[in-house]
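Enquirer: Can you read through this structure? Questions will come right after.
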Amino acid sequence: MASREEPAVMDLVIRDTRVIDGTGAPAYRADIAVRDGRIAAIAREGDPRPTAPDTIEADGQALAPGFIDMHAHSDLAILRDPDHSAKAAQGVTLEVLGQDGLSYAPTDDTTLAAVREAVTGWNGDGTDIDFDWRTVGGYLDRIDRQGAAVNAAYLIPQGSVRMLAAGWDDRPATPGELATMKRLVAEGMEQGAFGMSSGLTYTPGMYASDAELTELCRVVASYGGYYCPHHRSYGAGALEAYEEMVALTREAGCALHLAHATMNFGVNKGRGHELLALLDRALAEGADITLDTYPYTPGCTTLVAMLPSWANEGGPEATLARLRDPAATARIRHVMEVEGADGCHGVPIEWDAIEISGVSNPALGAYVGHTVAESAAARDEDPWTTAHRLLTEDRLGSTILQHVGHEENVRTIMRHRVHTGGSDGILQGAKPHPRAYGTFPQYLGRYVRELGVLSLEECVAHLTGRPAARLRLPDRGLVREGYVADLVVFDPATVAAGATFERPRTLPVGIPHVLVAGRPVIQDGRRTDVLAGRALRRT
Numbered sequence: 085m086a087s088r089e090e091p092a093v094m095d096l097v098i099r100d101t102r103v104i105d106g107t108g109a110p111a112y113r114a115d116i117a118v119r120d121g122r123i124a125a126i127a128r129e130g131d132p133r134p135t136a137p138d139t140i141e142a143d144g145q146a147l148a149p150g151f152i153d154m155h156a157h158s159d160l161a162i163l164r165d166p167d168h169s170a171k172a173a174q175g176v177t178l179e180v181l182g183q184d185g186l187s188y189a190p191t192d193d194t195t196l197a198a199v200r201e202a203v204t205g206w207n208g209d210g211t212d213i214d215f216d217w218r219t220v221g222g223y224l225d226r227i228d229r230q231g232a233a234v235n236a237a238y239l240i241p242q243g244s245v246r247m248l249a250a251g252w253d254d255r256p257a258t259p260g261e262l263a264t265m266k267r268l269v270a271e272g273m274e275q276g277a278f279g280m281s282s283g284l285t286y287t288p289g290m291y292a293s294d295a296e297l298t299e300l301c302r303v304v305a306s307y308g309g310y311y312c313p314h315h316r317s318y319g320a321g322a323l324e325a326y327e328e329m330v331a332l333t334r335e336a337g338c339a340l341h342l343a344h345a346t347m348n349f350g351v352n353k354g355r356g357h358e359l360l361a362l363l364d365r366a367l368a369e370g371a372d373i374t375l376d377t378y379p380y381t382p383g384c385t386t387l388v389a390m391l392p393s394w395a396n397e398g399g400p401e402a403t404l405a406r407l408r409d410p411a412a413t414a415r416i417r418h419v420m421e422v423e424g425a426d427g428c429h430g431v432p433i434e435w436d437a438i439e440i441s442g443v444s445n446p447a448l449g450a451y452v453g454h455t456v457a458e459s460a461a462a463r464d465e466d467p468w469t470t471a472h473r474l475l476t477e478d479r480l481g482s483t484i485l486q487h488v489g490h491e492e493n494v495r496t497i498m499r500h501r502v503h504t505g506g507s508d509g510i511l512q513g514a515k516p517h518p519r520a521y522g523t524f525p526q527y528l529g530r531y532v533r534e535l536g537v538l539s540l541e542e543c544v545a546h547l548t549g550r551p552a553a554r555l556r557l558p559d560r561g562l563v564r565e566g567y568v569a570d571l572v573v574f575d576p577a578t579v580a581a582g583a584t585f586e587r588p589r590t591l592p593v594g595i596p597h598v599l600v601a602g603r604p605v606i607q608d609g610r611r612t613d614v615l616a617g618r619a620l621r622r623t
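Written out as structure tokens, the structure reads:
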């Protein structure tokens, strides 16, 4: 700390802030001084006031650590548009990529093409991106070379790893293939990944047995990382799926972070407390568990993800071939509408709950913003015919909103002591889920100020200190001297998500200043040209 007799001159001082430090402790008034990208001094009332050539007059507004998005799908967006206002304007200074078991590293030429096609609905087809990397380290280096508005961390995508080692087949991995997967995970961890993700309702990651996943988690644990599964069901069998992940990671000795830990579909209405009871038992027994959620009820994914897993075996081209086969198509329809496909979490699909949020083929733009049932009625056809047309003519690239959540579960789960915030934000499509642009101000505005579900100090801890602890970041997530000056200034009385389901790309209000490494990426409510973000690497 600077001398109290003669305060050192700083680069920047944020004056008269209401500091919410990320621990959950009560707020206090102070000036925050920044030098060389770090918090150099915290001058409380009565302390000598630091000076600097640049000053932000906070006038009693809140200052918090930058928000950490624990579940983001900006893997290509951060390269395509380093400005990244969708996240920077929310006060996000770090997002965790490589989610749900499918991303662009590690890959080879063949699997890269398959991944790009499989997740077109998440990130676009990537034709505008120079894929000049194949490894985790190469991807992180690319972010650093290009620069970004916010920082990025990465999880090794288990589905991409399985694709490299064993292809798209629904079968057990051979010993040799498992050895290859373990090597790829170890290499990714050595190159800076923070852990491993899975998408266990997405192919080919869902073909992995618990034994296979446990072996990979042992590798992750040996590097101090964590496992982040999109587990096998969020509908019928959701609690069993959560229990499976808890048992698997405890066997492996690996920390667990449950991705978008919701309880959805009619079978789970009012059952959020059952999930928390399950987690409390495991925590009491010594398990290392955290989770993230977004503060909305609908989910968001791709239309092809709703299909039964066997329909996706072999990759996107094999799926399209089945959709051209009348017998296979009839079987797919029966499973989806009558039995409940594993892609739809074991629940028969409700076409009036499936809203098309984006298409890759512009000729299909008229479907966007309408449910499959609405579009079918307008064309005087059954919903399956409409869905089949979208799947085939959009080459599996359509994204959807799935209106199957429950507000009481959302509120129950976000109160838990191991909860963190994650947007699960998909930035593709004409009408993306507003969580991509609004998650963090939605927490602060709706769930803190309007509903009182969380106190302001508690909510900030959920969005900053707690996720930083999960990531084991030694100098981020708190307002402390010596910590990196990733900071957000916001007005608790006005902060709100501008994004709505009708206007999902509207930026938030009430967040005038966002600093990344002490440099302003949002200043007076406007995006600057600063690209201070970098790829963080696990150490």
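For the sequence shown, the positions run 85 to 623 when our numbering is used. Here a beta-carbon is modelled for each residue, glycine too, at the ideal position from N, C-alpha and C.
Count the other CB atoms, across all protein chains shown, that sit within 10 Å of the CB of Thr628; report buried if there are 16 or more and exposed otherwise.
Expert: Lying before the first or after the last residue shown, residue 628 is absent from the chain, which here runs from 85 to 623.
Enquirer: How would you label Thr346, buried or exposed, when you count the other beta carbons within 10 angstroms and need 16 or more for buried?
Expert: Against the sequence shown, residue 346 aligns to sequence position 262. The residue in question, Thr346, is buried, as its Cβ has 16 or more Cβ neighbours within 10 Å.
Enquirer: Looking only at C-alpha atoms, which of Asp212, Leu186, Glu271 sits nearest to Gly222?
Expert: For the purposes of this step, residue 222 is identified with residue 138 of the sequence shown, where counting begins at 1. Of Asp212, Leu186, Glu271, the residue nearest in Cα terms is Glu271.
Enquirer: Classify Asp95 as helix, strand or coil using the three-state DSSP reduction.
Expert: Counting from one through the sequence shown, the residue named residue 95 turns up at place 11. Looking at Asp95 - three-state DSSP - the assignment turns out to be coil, as it is neither helix nor strand.
Enquirer: Could you work out which residue in Lys353, Ile373, Ala425 is closest to Tyr387 when comparing CA atoms only?
Expert: Within the sequence shown, numbered from 1, the residue matching residue 387 stands at position 303. Position check: residue 387 holds Leu in this sequence, whereas Tyr was assumed. Considering only alpha carbons, the answer is Ala425.
Enquirer: What number of angstroms, rounded off, separates the C-alpha of Cys543 from the C-alpha of Tyr238?
Expert: One-based indexing of the sequence shown puts residue 543 at position 459. One-based indexing of the sequence shown puts residue 238 at position 154. Each residue's alpha carbon lies about 24 angstroms from the other.
Enquirer: Is it the case that the Cβ atoms of Gly505 and Leu547 are separated by a distance below 9 angstroms?
Expert: Working through the sequence shown from its first residue, we reach residue 505 at position 421. Working through the sequence shown from its first residue, we reach residue 547 at position 463. Yes, the Cβ-Cβ distance between Gly505 and Leu547 is below 9 angstroms.
Enquirer: To which residues of the same chain is Leu538 closer than 8 angstroms at the C-beta, ignoring the five residues directly before and after it?
Expert: Numbered from its first residue, the sequence shown carries residue 538 at position 454. These residues qualify, in order along the chain: Met498, Arg499, Tyr527, Tyr531, Val532, His546.
Enquirer: Distance, Cα to Cα, Ala520 vs Asp184?
Expert: Sequence index remark: in the sequence shown, residue 520 carries index 436 (1-based). Sequence index remark: in the sequence shown, residue 184 carries index 100 (1-based). If I take the Cα positions, the gap works out to 16 angstroms.
Enquirer: Spatial neighbours of Tyr451 within its chain, please: CB distance less than 7 angstroms, with the 5 preceding and 5 following residues excluded, ordered by chain position.
Expert: Translated into positions along the sequence shown, residue 451 becomes position 367. Answer for Tyr451: Ile440, Val443, Ser459, Leu474, listed in chain order.
Enquirer: State the DSSP-derived secondary structure class of Gln486, mapped to helix, strand or coil.
Expert: As a working mapping, residue 486 is identified with position 402 in the sequence shown. Three-state DSSP puts Gln486 in a strand.
Enquirer: Note down the Cα distance separating Thr623 from Cys301, rounded to an integer number of angstroms.
Expert: Start at 1 with the first residue of the sequence shown, and residue 623 comes out as number 539. Start at 1 with the first residue of the sequence shown, and residue 301 comes out as number 217. Answer to the nearest angstrom: the Cα atoms are 18 angstroms apart.
Enquirer: Which partner residues of Thr139 appear in the DSSP bridge assignment?
Expert: On the sequence shown, position 55 is the one that residue 139 refers to. According to DSSP, which records beta bridges pairwise, Thr139 is partnered with Val97.
Enquirer: DSSP on Tyr521, reduced to helix/strand/coil?
Expert: Within the sequence shown, the letter at position 437 stands for residue 521. Three-state DSSP puts Tyr521 in a helix.
Enquirer: Between Gly383 and Cys338, is the Cβ-Cβ spacing less than 9 angstroms?
Expert: As a working note, residue 383 is residue 299 in the sequence shown. As a working note, residue 338 is residue 254 in the sequence shown. Cβ distance not < 9 angstroms, so Gly383 and Cys338 don't count as in contact.
Enquirer: Which class does Tyr291 belong to by DSSP, given the choice of helix, strand or coil?
Expert: Translated into the one-based positions of the sequence shown, residue 291 becomes position 207. Tyr291 falls in the helix class under three-state DSSP.
Enquirer: Assuming Ala232 and Ile162 are in contact, meaning their beta carbons sit under 8 angstroms apart, how far apart are those beta carbons, in whole angstroms?
Expert: The residue you call residue 232 lines up with position 148 of the sequence shown. The residue you call residue 162 lines up with position 78 of the sequence shown. Between Ile162 and Ala232 the Cβ distance is about 5 angstroms, and since that is below 8 angstroms, they are a contact.
Enquirer: When you compare each of Pro576, Leu262, Met94, Met420 to Ile140 by their alpha carbons, which one comes out closest?
Expert: As a position in the sequence shown, residue 140 is number 56, starting the count at 1. When only C-alpha atoms are compared, the closest one is Met94.
Enquirer: With DSSP collapsed to three states, give me the class of Pro400.
Expert: Walking along the sequence shown from the start, residue 400 turns up at place 316. The answer is helix: DSSP assigns Pro400 an H, G or I state.
Enquirer: Work out the CA separation of Ile240 and Thr219 for me, nearest whole Å.
Expert: Along the sequence shown, read from residue 1 onward, the residue named residue 219 stands at position 135. Along the sequence shown, read from residue 1 onward, the residue named residue 240 stands at position 156. Rounded to whole angstroms, Thr219 to Ile240 spans 10 angstroms at the Cα level.
Enquirer: Assign Gly549 to buried or exposed, taking buried as 16 or more other Cβ atoms, counted over all protein chains shown, within 10 Å of its Cβ.
Expert: Here residue 549 refers to the residue found at position 465 when the sequence shown is read from its first residue. Classification for Gly549: buried.
Enquirer: Can you check which of these residues, Asp115, Val494, Ala125, is closest to Ala92 by C-alpha distance?
Expert: Here residue 92 refers to the residue found at position 8 when the sequence shown is read from its first residue. Checked all of Asp115, Val494, Ala125; the closest Cα to Ala92 is Ala125.
Enquirer: Hey, quick one: how far does the alpha helix (DSSP H) through Arg122 stretch, first residue to last?
Expert: Counting from one through the sequence shown, the residue named residue 122 turns up at place 38. No alpha helix (DSSP H) contains Arg122, which is instead part of the beta strand (DSSP E) from 122-128.
Enquirer: Which value, in whole angstroms, describes the spacing of the CA atoms of Met85 and Arg226?
Expert: Along the sequence shown, read from residue 1 onward, the residue named residue 85 stands at position 1. Along the sequence shown, read from residue 1 onward, the residue named residue 226 stands at position 142. In this prediction, Met85 scores a pLDDT of 43, lower than 50, which makes its location untrustworthy; the coordinate-derived value is nonetheless stated afterwards. Straight-line Cα distance between these residues: approximately 36 angstroms.
Enquirer: From the DSSP output, in three-state form, read off Ala581 for me.
Expert: Counting from 1 along the sequence shown, the entry for residue 581 is found at position 497. Three-state DSSP puts Ala581 in coil, outside helix and strand.
Enquirer: For Glu274, count neighbouring C-beta atoms within 10 Å of its own C-beta (all shown protein chains included) and say buried if the count is 16 or more, exposed if not.
Expert: Working through the sequence shown from its first residue, we reach residue 274 at position 190. Classification for Glu274: exposed.
Enquirer: Which residue's Cα is closest to the Cα of Phe574: Gly150, Asp138, Tyr112?
Expert: Position 490 of the sequence shown, counted from the first residue, corresponds to residue 574. Among Gly150, Asp138, Tyr112, the Cα nearest to that of Phe574 is on Gly150.
Enquirer: What separation, rounded to the nearest whole angstrom, lies between the Cα atoms of Leu284 and Leu96?
Expert: As a working mapping, residue 284 is identified with position 200 in the sequence shown. As a working mapping, residue 96 is identified with position 12 in the sequence shown. Straight-line Cα distance between these residues: approximately 46 angstroms.
Enquirer: Quick one: is Ser293 buried, meaning 16 or more other Cβ sit within 10 Å of its Cβ, or exposed?
Expert: Residue numbering aside, residue 293 sits at position 209 when the sequence shown is read from its first letter. Ser293 should be labelled exposed.
Enquirer: Kindly list the residues whose CB is nearer than 8 angstroms to the CB of Ile104, restricted to its own chain and excluding five residues on each side of it in sequence; keep chain order.
Expert: Indexing the sequence shown from 1 puts residue 104 at position 20. Closer than 8 angstroms at Cβ, skipping near neighbours: Ala111, Ala146, Leu147, Ala148, Leu540, Glu541, Val544, Val563.
Enquirer: Taking the alpha carbon of Thr101 as the point to measure from, which residue in Val502, Pro604, Ala127, His344 has its own alpha carbon closest?
Expert: Taking the first residue of the sequence shown as 1, we reach residue 101 at position 17. Answer by Cα proximity: Ala127.
Enquirer: So, using beta-carbon positions, are Asp508 and Ala156 closer together than 9 angstroms?
Expert: The residue you call residue 508 lines up with position 424 of the sequence shown. The residue you call residue 156 lines up with position 72 of the sequence shown. Taking 9 angstroms as the Cβ cut-off, Asp508 and Ala156 qualify as a contacting pair.
Enquirer: Mapping DSSP to helix, strand and coil, what is Glu423?
Expert: Here the question's residue 423 lines up with position 339 in the sequence shown. Note: Glu423 maps to helix in three-state DSSP.
Enquirer: Can you check which of these residues, Ile510, Ile98, Arg618, is closest to Val203 by C-alpha distance?
Expert: The sequence position of residue 203 within the sequence shown is 119, counting from 1. That would be Ile510, whose Cα lies nearest to the Cα of Val203.
Enquirer: Going residue by residue through the segment 351-386, where are the continuous alpha helix (DSSP H) segments of at least 4 residues, counting only ones entirely within it?
Expert: DSSP runs (the alpha helix (DSSP H)) wholly in the segment 351-386: 356-368.
Enquirer: Are there 16 or more other CB atoms within 10 angstroms of the CB of Asp212, so buried, or fewer, so exposed?
Expert: For the purposes of this step, residue 212 is taken as the residue at position 128 of the sequence shown. Classification of Asp212: exposed, given that the 10 Å Cβ count is below 16.
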